[in-house]
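**Student:**
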Amino acid sequence: MSKIKDNQIYIYNSLKGEKEKFVPVSKNHVGIYVCGPTVYSNVHLGNCRTFLSFDMVVRYFKFLGYKVRYVRNITDAGHLENDAEVGEDKIAKKARLEQLEPMEIVQRYTVDFHNVMNSFNALPPSIEPTATGHLIEQIEMIQESLAKGLAYESNGSVYFDVKKYMEEGGDYGALSGRDVDELMSGSRDLEGQEEKKNPTDFALWKKASPAHIMRWNSPWSVGFPGWHLECSVMGTKYLGKQFDIHGGGMDLKFPHHECEIAQGKAANNVDPVNYWMHGNMLTLNGKRMSKSTGNTLLPEELFSGKNTLLEKAFSTTVVRFFMLQAHYRSVLDFSSEALTASEKGFKKLMTAFDILEKVDYKPTSLNKEENVLIKDLCAACYAEMNDDFNTPKTIAKLFDMVAKINTYNEKQSFGQLEESTFKLLKETFCGMISDVFGLVADNSGSNDTLDKSIQLLIDMRANAKKERNFALSDEIRDKLIAIGVQLKDGKEGTTYSVE
RNA sequence: GGUCUCUUGGCCGAGUGGCUUAGGCACUGGUCUGCAAAACCAGUUACAGCGGUUCGAAUCCGCUAGAGACCUCCA
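Numbering that gives the first Met the number 0 applies: residue 0 is where the first sequence begins, and numbers increase by one.
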């Protein structure tokens, strides 16, 4: 519990445009809502970045001892498409093309999404609600807005009245820095526009066209809920009318999150969210990954290496580490070269991790300087994380620790640290890597049999060296490296690592 | 067209008024080794351009150039 007290987190609040002291609604508890995927196709790496960013955020809160309720929705209905078949549900379109039930599509890609998230070692949310599972609540929220005069019905559809909302003290545009008057004049001509009082008004309920397969009954028409409603409904239902953190990708800031604020405020007379967090985009070839433009990379292509952009296959853990090396609010460009560099650094980090996990601590005479240095490094890790989850800076500190760990290991001098300092080092270093960053060593290739086999070869090589039979000892070393096993000669004997 | 953001060394990527040598990768030298690798130590390369504010600016302001995001479904 004291860890919470010792670590005051500052969060960059998109709503205010600055870092703010994090004070939860309920002491030692965090309620966080993250906009989940629209399940009409495979999630790509760009989608993954956002979810992994917030996975790190949730993990850090938990690491400090907060009780976290993490809600991340599945959007399985309601998003409109803006090409030839305007007004049609994305999911419905795909369903017809593939001659499948809409829910079959939803099921397939939900499963895919879960598999991908698992492979990245992302923690599952506490609640993963679906839009279709909350239609009653959505209809109720529309009714509330209508009752308050902040929404109006038009031709079977219901729209949110932004102008009225502004007149009653609303601040539509505050999150995304937009001027409502400009939006009123600058909006494009979209289908259904004539039903609206003003171009900025957005749909709460849409009457379904005959081609629209996903449809439900409502007091106004057979149709489907508006694009922004589900998050408002599910966020407040599970986290309260005013909750701590709402996260999502930068691209959702406008209009999605702007509308969410308006809906929430209209329904409950309070700002629904205290801290808005927006993760930045993962780019490919300098441009944002996007389903609609096809500029994407799928996780499975990464693991198999089957993409012209990739020189080789990469593991999920390396990709995760790569992403953590950049701050979540910065654009990150994906490239094979950058990933290769990360992979090498990651291995170095994990080697030190293994050393620390296995080392036997025996106190010797105290080295005050080193003792203080380690304590400072540990404190710095927390300080960097507390500063708007600055993972790249935290990682820089971890690498400083790597140098220390390696030196201590080589000189067998962990004992020069106080026992409490050693424990702190282990807890901080290993805790940040595995608990907060969710990084796990790739031990896929190693097991007991392998370990014994390689140990046998190490012994044989040692004997060959003793007899100065370097041809044999080098052959063992070189052939092992060709297989992917690297021998490491140290003062205390030879160890190995598996590629 | 409107709104906004970014431009850091060979590459990735932090930083934000005066020592951060950020860190990683790569490279160079050294220690270790039978030779290597690994590890450690040391070192090199920088703040898009121009002008301004300031005792001092990569960091603040302005202009120019380039890139990107949002304005429409999108993490």
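Cβ coordinates follow ideal geometry from the N, Cα and C atoms, glycine included.
Curious, which full-length beta strand (DSSP E) runs of at least 3 residues does the region 4-76 contain?
**Tutor:** The qualifying runs are 9-12, 17-20, 28-33 and 66-71.
**Student:** I'd like the span of the beta strand (DSSP E) that includes Asn273, first residue to last.
**Tutor:** Residue mapping note: residue 273 aligns to position 274 of the first sequence, counting from 1. Run containing Asn273: Val272 to Gly278, per the beta strand (DSSP E) assignment.
**Student:** If you follow the alpha helix (DSSP H) that Ser357 is part of, which residue opens it and which one closes it?
**Tutor:** Within the first sequence, the letter at position 358 stands for residue 357. Per the sequence shown, the amino acid found at residue 357 is Lys instead of Ser. Segment Ser335 to Lys357, the alpha helix (DSSP H) holding Lys357.
**Student:** Would you identify the three-state DSSP class for His326, choosing helix, strand or coil?
**Tutor:** The count along the first sequence starts at 1 and reaches residue 326 at position 327. His326 falls in the coil class under three-state DSSP.
**Student:** Can you give me the start and stop residues for the beta strand (DSSP E) that Glu103 sits inside?
**Tutor:** Along the first sequence, read from residue 1 onward, the residue named residue 103 stands at position 104. It is not in any beta strand (DSSP E) - Glu103 instead sits in the alpha helix (DSSP H) that spans Pro101 to Ser118.
**Student:** Please state the DSSP three-state secondary structure of Ser153.
**Tutor:** Counted from its first residue, the first sequence places residue 153 at position 154. Correct three-state label for Ser153: strand.
**Student:** From Leu238 to Gln485, what distance separates their C-alpha atoms?
**Tutor:** By one-based count along the first sequence, residue 238 stands at place 239. By one-based count along the first sequence, residue 485 stands at place 486. Their Cα atoms are separated by approximately 50 Å.
**Student:** Are Met140 and Val272 touching if we call contact CB-CB under 8 Å?
**Tutor:** Translated into positions along the first sequence, residue 140 becomes position 141. Translated into positions along the first sequence, residue 272 becomes position 273. Contact flag unset, no.
**Student:** So, does the region 50-63 touch the region 422-438, judging by three or more C-beta pairs under 8 Å?
**Tutor:** Yes, the region 50-63 is in contact with the region 422-438.
**Student:** Grab the span of the alpha helix (DSSP H) containing Ile244 for me, first residue to last.
**Tutor:** Counting from 1 along the first sequence, the entry for residue 244 is found at position 245. Ile244 -> not in any alpha helix (DSSP H); beta strand (DSSP E) instead, spanning Phe242 to Gly248.
**Student:** Can at least three beta-carbon pairs, one atom from the region 386-403 and one from the region 318-333, be found at a separation below 8 Å?
**Tutor:** Verdict: yes, contact present.
**Student:** At the level of alpha carbons, what is the spacing between Leu471 and Asn462?
**Tutor:** Your numbering for residue 471 matches position 472 in the first sequence. Your numbering for residue 462 matches position 463 in the first sequence. For Leu471 and Asn462, the distance between alpha carbons rounds to 10 Å.
**Student:** Thr406 to Met116, Cα distance in whole Å?
**Tutor:** On the first sequence, position 407 is the one that residue 406 refers to. On the first sequence, position 117 is the one that residue 116 refers to. Rounded to whole angstroms, Thr406 to Met116 spans 36 Å at the Cα level.
**Student:** What is the DSSP secondary structure of Leu228, counted as helix, strand or coil?
**Tutor:** Stepping through the first sequence from its first residue, residue 228 is reached at position 229. In the structure shown, Leu228 sits in a helix (DSSP, three-state: H, G or I).
**Student:** Beta carbon of Tyr39, beta carbon of Phe21: below 8 Å?
**Tutor:** Along the first sequence, read from residue 1 onward, the residue named residue 39 stands at position 40. Along the first sequence, read from residue 1 onward, the residue named residue 21 stands at position 22. No, the pair does not count as a contact, with Cβ atoms beyond the cut-off.
**Student:** Quick check: the region 301-310 against the region 256-270, are at least 3 beta-carbon pairs closer than 8 Å?
**Tutor:** They do not touch, by the three-pair rule.
**Student:** To the nearest angstrom, report how far apart Leu365 and Leu281 are at their CA atoms.
**Tutor:** As a working mapping, residue 365 is identified with position 366 in the first sequence. As a working mapping, residue 281 is identified with position 282 in the first sequence. Spanning the two alpha carbons is a distance of roughly 47 Å.
**Student:** Among the candidates Ile482, Asn216, Asn268 and Phe469, whose CA atom is the shortest distance from the CA of Gln241?
**Tutor:** Taking the first residue of the first sequence as position 1, residue 241 is located at position 242. The shortest Cα separation from Gln241 among Ile482, Asn216, Asn268 and Phe469 belongs to Asn268.
**Student:** Which first and last residues belong to the alpha helix (DSSP H) in which Phe469 is found?
**Tutor:** Mapped onto the first sequence, residue 469 falls at position 470. Where Phe469 is concerned, the enclosing alpha helix (DSSP H) stretches over Phe469 to Ile482.
**Student:** Cα separation between Phe112 and Asn41?
**Tutor:** Looking up residue 112 in the first sequence gives position 113. Looking up residue 41 in the first sequence gives position 42. The alpha-carbon atoms of Phe112 and Asn41 are separated by roughly 7 Å.
**Student:** Short of 6 Å in beta carbon distance, which residues of its chain neighbour Leu14, apart from the five on each side in sequence? Order them along the chain.
**Tutor:** Taking the first residue of the first sequence as position 1, residue 14 is located at position 15. Here the set comprises Leu174 and Trp275.
**Student:** So, are the CB atoms of Phe159 and Ala261 less than 8 Å apart?
**Tutor:** Position 160 of the first sequence holds residue 159. Position 262 of the first sequence holds residue 261. Yes, the Cβ-Cβ distance between Phe159 and Ala261 is below 8 Å.
**Student:** In the DSSP assignment, find the beta strand (DSSP E) that holds Met419 and state where it starts and stops.
**Tutor:** Reading the first sequence from its first residue, position 420 is the one you call residue 419. For the sequence presented, residue 419 should be read as Ser rather than Met. First-last for Ser419: Glu418 to Cys429, but that is the alpha helix (DSSP H), not the beta strand (DSSP E).
**Student:** Determine the burial state of Leu251: buried for a count of at least 16 other Cβ atoms within 10 Å of its Cβ, exposed for fewer.
**Tutor:** Within the first sequence, residue 251 is the residue found at index 252, counting from 1. The residue is buried, with at least 16 neighbouring Cβ atoms inside 10 Å.
**Student:** With respect to the alpha helix (DSSP H) encompassing Ser452, which residues constitute its N-terminal and C-terminal limits?
**Tutor:** On the first sequence, position 453 is the one that residue 452 refers to. Run containing Ser452: Asp447 to Lys465, per the alpha helix (DSSP H) assignment.
**Student:** Should the region 283-293 be regarded as contacting the region 17-32, the criterion being three or more beta carbon pairs within less than 8 Å?
**Tutor:** As far as the Cβ criterion goes, the region 283-293 does not touch the region 17-32, which means the pair count is below three.
**Student:** Taking Cβ positions, are Val110 and Ile90 nearer each other than 8 Å?
**Tutor:** Within the first sequence, numbered from 1, the residue matching residue 110 stands at position 111. Within the first sequence, numbered from 1, the residue matching residue 90 stands at position 91. Not closer than 8 Å, so no.
**Student:** Under the rule that 16 or more other beta-carbon atoms within 10 Å means buried, what is Tyr69, buried or exposed?
**Tutor:** The residue labelled residue 69 in the question sits at position 70 within the first sequence. By the 10 Å Cβ count, Tyr69 comes out buried.
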